[in-house]
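Asks: Residue numbers (full-length UniProt numbering): 1 to 172.
Even for Gly, the Cβ is constructed at its ideal location relative to N, Cα and C.
Take a look at this one; I'll ask things after.
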Amino acid sequence: MRALECVYHLGCFCCCVCERQLRKGDEFVLKEGQLLCKSDYEKEKELLSSVSPDDSDSVKSEDEDLDIKPGKGSGGHGKGSDDGKDPRRPKRPRTILTTQQRRAFKASFEVSSKPCRKVRETLAAETGLSVRVVQVWFQNQRAKMKKLARRQQQQQEQQNSQRLGQGKQQNH
């Protein structure tokens, strides 16, 4: 199983608190190199939020240690407080889609890359995921398609320029 850049044996892919084995579709958090199931993460979050205000700085630094890839050009600091979100609010657990959920999304994506709200709500109900997870999946898929198209266009342009270069060499 894979969690960000870490790869685990199936038997090792378990919560470090309750030792419950995690499966595809389970929500979990990778915090300071440790896997936590959603329920143990929520319990830890509650405990940390009940800490006195004087300790709030240490709570913040622990939350920032969640192993989540920083965005491009962010300098490794992740998203700052510029985006209006509470910097002490921990990241939500990463969702792993099951094969069945992924197939449903891909089938819908083939019909429309920008489904309307009703279609997103139907997909959410069918897959048991939140509408927001469905929405983000479609956004990510569109970005992926755009990136692949751009890469394919660059390769095509390189091939065309190489052919032009070979044609000029043969004429001389």
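Between THR98 and CYS14, what straight-line distance do the alpha-carbon atoms span, to the nearest angstrom?
Replies: 17 Å
Asks: In this structure, how does DSSP classify LYS91 when only helix, strand and coil are distinguished?
Replies: coil
Asks: If you check the beta carbons only, do GLN153 and PHE109 fall under 8 Å apart?
Replies: no
Asks: In the DSSP output, which residue or residues are listed as bridge partners for LEU35?
Replies: LEU30
Asks: Sort out for me which residues DSSP pairs CYS14 with in a bridge.
Replies: CYS14 is bridged to GLN21.
Asks: For residue 197, which three-state DSSP category applies?
Replies: In this structure the chain extends from 1 to 172, so residue 197 is not present and cannot be described.
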